[in-house]
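*Asks:* Letter 169 of the sequence shown, counting from 1, is numbered 169 in full-length UniProt numbering, and no numbers are missing. By construction, the Cβ of each residue, glycine as well, lies at the ideal position given by its N, Cα and C atoms. Please find one structure pasted underneath; my questions will follow.
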Amino acid sequence: MEKSKVLIVGGTGYLGKRLVKASLALGHETYLLHRKEIGVDIEKVQTLLSFKEQGGHLVHGSFNDHQSLVNAVKLVDVVICAISGVHIRSHQILLQLKLVDAIKEAGNVKRFLPSEFGTDPARMENAMEPGRVTFDDKMVVRRAIEEAGIPFTYVSANCFAGYFLGGLCQPGYIVPSWDHVTLLGDANAKAIYVDEDDIAMYTIKTIDDPRTLNKTLYLRPPKNILSQREVVQTWEKLIGKELKKSSISKEEFIGIIKEQAYEEQVGLTHYYHVCYEGCLVNFEIGVDGEEASKLYPEVKYTTVDDYLKRYL
Ligand SMILES: NC(=O)c1ccc[n+]([C@@H]2O[C@H](COP(=O)([O-])OP(=O)(O)OC[C@H]3O[C@@H](n4cnc5c(N)ncnc54)[C@H](OP(=O)(O)O)[C@@H]3O)[C@@H](O)[C@H]2O)c1
Numbered sequence: 001m002e003k004s005k006v007l008i009v010g011g012t013g014y015l016g017k018r019l020v021k022a023s024l025a026l027g028h029e030t031y032l033l034h035r036k037e038i039g040v041d042i043e044k045v046q047t048l049l050s051f052k053e054q055g056g057h058l059v060h061g062s063f064n065d066h067q068s069l070v071n072a073v074k075l076v077d078v079v080i081c082a083i084s085g086v087h088i089r090s091h092q093i094l095l096q097l098k099l100v101d102a103i104k105e106a107g108n109v110k111r112f113l114p115s116e117f118g119t120d121p122a123r124m125e126n127a128m129e130p131g132r133v134t135f136d137d138k139m140v141v142r143r144a145i146e147e148a149g150i151p152f153t154y155v156s157a158n159c160f161a162g163y164f165l166g167g168l169c170q171p172g173y174i175v176p177s178w179d180h181v182t183l184l185g186d187a188n189a190k191a192i193y194v195d196e197d198d199i200a201m202y203t204i205k206t207i208d209d210p211r212t213l214n215k216t217l218y219l220r221p222p223k224n225i226l227s228q229r230e231v232v233q234t235w236e237k238l239i240g241k242e243l244k245k246s247s248i249s250k251e252e253f254i255g256i257i258k259e260q261a262y263e264e265q266v267g268l269t270h271y272y273h274v275c276y277e278g279c280l281v282n283f284e285i286g287v288d289g290e291e292a293s294k295l296y297p298e299v300k301y302t303t304v305d306d307y308l309k310r311y312l
C-alpha cells in the first residue's frame, strides 16, 4: 500500500518536531506548515529548514488565511495537528476550528488527527475548573470534525514522560530530585507514562491503519502503567538511595491549586485527576478505541526505567 502524504501543523513544537521526525523515518512524504506569523523566530525557521534538509516539504500558510490552509491541506492525504495546548506554554486548541473548515472545503483528506495527545477528553465531562478548559476545547474540536464528516483518529497519549516522569509526578518539576519527593496522596493511583518519541511513532503508525479509523488510539505500554510510588521506587533503585518523603492530601492539593495563577491552576487540576483520581486507568477501552502497544508490538517503547536513566 502506498504511504499517505502527511501535513503536520505545529511541526516546530515540542511534540510536533517528534511527529515530523517519525513521519520522515517511516517514509511518509511529509509537509510542514510554515506560518508567516513566525516571522524572524530564528529557532523555528532553522527547525523547519532542518526538516527540509531531511526531505520534508515546507508549505507557506497562516491560520489567518483560509485559502492558504485549504491549499496546504489539498497537498496531502492525512493532516496531523500538534498545535499548543499547555497553558503554561500556550493554548491554541480552538484555532483548529479553522483547520477543520479548510479540511472540509478541501474535501480530499482521508484522516485528520487533531491536537489531543493526552487524557481522553470524552471521559472528562466532570473535570474540575479551570483545567477542564483543555478537555472542553478539545471536545469542541471533536464535534466540529464529526459534524463536518471528516475521518479522524484521536490519540490519547496519557502522560508525556518529560513532564511526569521527569518530575517524579511532582507538579512544577521536570527533573527528578535526589533527596526529597512529595507524594500526591497515598501515591498509589496508577498513571501511564509515554516517551514523546514513542507517542510520535505510534501516531504515525496509525495514520494508514484501517483499524483506528474514526476511533481513539489509547497509548498504554504495559510496563509503563505505574503509580507515583512505583515511579519513585524505580528512581531510587537507579540512584541507589531512598528519598525523603512527604505527602500532600487531596484537600491540601485542592487548596494549593486555588492560590495559583490561572495557567498553573489548569496544569495542577490535570495532575489532580491523573494522580489522585487515576483518571487514565479507571476505564476499559471500548469498541470505539484501540490500544497502541497491542496494534504495533514492533514499536520497542521506552520503559520508565530506561527513561529515568537519562537523568543520572
Ligand atoms: N499528555 C501530556 O502530558 C501532554 C503534555 C504536553 C502537551 N500535551 C498535548 O500535546 C499537544 C501539543 O502540545 P505541545 O506542548 O507540543 O505544544 P507547543 O510546543 O507548546 O506548541 C506547538 C506548536 O503550536 C503552534 N502554535 C503555537 N501558537 C500558535 C498560534 N498562536 N497560532 C498557530 N499556531 C501556534 C506552533 O507551531 P508552528 O509555529 O510550527 O506553527 C508551536 O510550535 C497539545 O494538544 C497538548 O495539550 C499533552
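K205 and D288 - do their beta-carbons sit closer together than 7 Å?
*Replies:* Looking up residue 288 in the sequence shown gives position 288. Looking up residue 205 in the sequence shown gives position 205. Not closer than 7 Å, so no.
*Asks:* Can you round the beta-carbon distance between L69 and A102 to whole angstroms, since I take them to be within the 8 Å contact cut?
*Replies:* As a working mapping, residue 69 is identified with position 69 in the sequence shown. As a working mapping, residue 102 is identified with position 102 in the sequence shown. L69 to A102, Cβ: 4 Å. Contact.
*Asks:* In or out: N282 buried (at least 16 other Cβ within 10 Å) or exposed?
*Replies:* Here residue 282 refers to the residue found at position 282 of the sequence shown. Flag for N282 reads exposed.
*Asks:* What would DSSP say about F160, mapped onto helix, strand or coil?
*Replies:* Here residue 160 is taken as the residue at index 160 of the sequence shown, counted from 1. Three-state DSSP puts F160 in a strand.
*Asks:* Could you check whether the stretch 188-198 touches the stretch 213-227, counting it as contact only if at least three pairs of C-beta atoms, one from each stretch, sit closer than 8 Å?
*Replies:* Short answer: they touch.
*Asks:* CA-CA distance, A25 and Q54?
*Replies:* Numbered from 1 along the sequence shown, position 25 holds the residue referred to as residue 25. Numbered from 1 along the sequence shown, position 54 holds the residue referred to as residue 54. Straight-line Cα distance between these residues: approximately 10 Å.
*Asks:* Secondary structure at A261, three-state DSSP: helix, strand or coil?
*Replies:* Counted from its first residue, the sequence shown places residue 261 at position 261. Looking at A261 - three-state DSSP - the assignment turns out to be coil, as it is neither helix nor strand.
*Asks:* Could you tell me the alpha carbon to alpha carbon distance between F152 and G255, rounded to whole angstroms?
*Replies:* Here residue 152 refers to the residue found at position 152 when the sequence shown is read from its first residue. Here residue 255 refers to the residue found at position 255 when the sequence shown is read from its first residue. About 39 Å.
*Asks:* Does ligand 1 have even one heavy atom less than 6 Å from the beta-carbon of S23?
*Replies:* Here the question's residue 23 lines up with position 23 in the sequence shown. Every heavy atom of ligand 1 is 6 Å or more from the Cβ of S23, so no.
*Asks:* Quick check: does the Cβ of F160 come within less than 6 Å of any heavy atom belonging to ligand 1?
*Replies:* What you label residue 160 is simply residue 160 of the sequence shown in a count that begins at 1. F160: yes, Cβ under 6 Å from ligand 1.
*Asks:* Taking 6 Å as the cut-off, is the C-beta of G118 nearer than that to any heavy atom in ligand 1?
*Replies:* Taking the first residue of the sequence shown as position 1, residue 118 is located at position 118. Because some heavy atom of ligand 1 lies under 6 Å away, the Cβ of G118 counts as near it: yes.
*Asks:* For H273, which option in V100, V155, G185, G162 has the closest C-alpha, if you only look at C-alpha atoms?
*Replies:* Taking the first residue of the sequence shown as 1, we reach residue 273 at position 273. Out of V100, V155, G185, G162, G185 has the C-alpha closest to the C-alpha of H273.
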